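Mapping the sequence shown onto our numbering, position 51 (from 1) lands on 58, and the numbers just tick up by one. Ideal placement from N, C-alpha and C gives every residue a C-beta, glycine not left out. Values in this document were obtained by computation on a predicted structure and should not be read as measured data.
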Amino acid sequence: MSIPIHHTDHQEAYAHVVNHLKEKGVRMTETRKAVIRYLIDSSEHPSAEMIYKDLRPAYPNMSLATVYNNLKVLVEEGFVTELKRNNDTTTYYDFMGHDHLNVICERCGKITDLIAENMPSLEHQVEAQTGYQITKELLTVYGICPDCQ
């Protein structure tokens, strides 16, 4: 079950993620903390390679595999979601510290967050129609951005 979090303060979001992972028995290494902070502070939707490239100078012993392993834990715990763009094999990552939709341009691949007040949930409707117990709800919308129109 993903943990719903609604943080406006980056430090509060960071503390929430770290505390949750510690409670689950996840070892909190310096590189794991750095990846968490990077994702929370990023205004972009970075790939693992981008995170690795940006953090490597401060953490020279960190490997790309370490970044991927940390991202896997954060995705599994519902703090981060994976995004795919058309005709792009790269996976991009988004910290889900606030309710938002991801809007992706089908031409240039630009990813934009849409913050919506009182975003409606499909959870109850999906459960009623399918019998699934919903554990996570992610919505990505695809279109053509203003620059590509």
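- Message: What would DSSP say about G147, mapped onto helix, strand or coil?
- Response: To locate residue 147, count along the sequence shown from 1; it is residue 140. Per the sequence shown, residue 147 should be read as Thr rather than Gly. If DSSP states are grouped into helix, strand and coil, T147 belongs with the strands.
- Between T147 and L90, which are expected to be in contact by the criterion C-beta below 8 angstroms, what is the C-beta distance as a whole number of angstroms? Position 140 of the sequence shown, counted from the first residue, corresponds to residue 147. Position 83 of the sequence shown, counted from the first residue, corresponds to residue 90. So it is a contact: roughly 7 angstroms between Cβ atoms.
- Task: Identify whether I141 lies in helix, strand or coil by the three-state DSSP scheme.
- Result: In the sequence shown, the residue the question calls residue 141 occupies position 134. In the three-state DSSP reduction, I141 falls in the coil class, being neither helix nor strand.
- Quick check: the stretch 57-66 against the stretch 29-49, are there 3 or more CB pairs under 8 angstroms? Contact holds: three or more Cβ-Cβ distances are below 8 angstroms.
- Between V24 and F86, which are expected to be in contact by the criterion C-beta below 8 angstroms, what is the C-beta distance as a whole number of angstroms? Taking the sequence shown and counting its residues from 1, one reaches residue 24 at position 17. Taking the sequence shown and counting its residues from 1, one reaches residue 86 at position 79. With a contact defined as Cβ atoms closer than 8 angstroms, V24 and F86 qualify at about 5 angstroms.
- Which residue spans inside the stretch 50-89 form an unbroken alpha helix (DSSP H) run of at least 4? Runs of the alpha helix (DSSP H) lying entirely within the stretch 50-89, each at least 4 residues long, are 55-62, 71-83 in chain order.
- Task: Take the Cβ of L145 as the centre, count every other Cβ of all protein chains shown within 10 Å, and call the residue buried at 16 or more, exposed below.
- Result: By 1-based counting over the sequence shown, the position of residue 145 is 138. That one is exposed.
- Assuming H52 and I118 form a contact by the criterion Cβ under 8 angstroms, report the distance between their Cβ atoms to the nearest whole angstrom. As a first step, residue 52 must be located in the sequence shown, where it is residue number 45. As a first step, residue 118 must be located in the sequence shown, where it is residue number 111. Contact flag correct, Cβ pair sits at about 4 angstroms.
- Item | Spatially closest choice to K79 from A20, S50, D101, by CA coordinates | Position 72 of the sequence shown, counted from the start, is the residue given in the question as residue 79. Closest option to K79, Cα to Cα, is D101.
- Message: For V42, report the span of its alpha helix (DSSP H) as first-last.
- Response: Within the sequence shown, residue 42 is the residue found at index 35, counting from 1. V42 -> alpha helix (DSSP H) spans 37-48.
- Three-state class that DSSP yields for V25 in the structure shown: Working through the sequence shown from its first residue, we reach residue 25 at position 18. Correct three-state label for V25: helix.
- Query: Can you tell me the Cα-Cα spacing of T88 and Q140, whole angstroms?
  - Reply: Counting from one through the sequence shown, the residue named residue 88 turns up at place 81. Counting from one through the sequence shown, the residue named residue 140 turns up at place 133. About 19 angstroms.
- If you check the beta carbons only, do I111 and Y59 fall under 8 angstroms apart? Within the sequence shown, numbered from 1, the residue matching residue 111 stands at position 104. Within the sequence shown, numbered from 1, the residue matching residue 59 stands at position 52. The Cβ atoms of I111 and Y59 lie no closer than 8 angstroms to each other.
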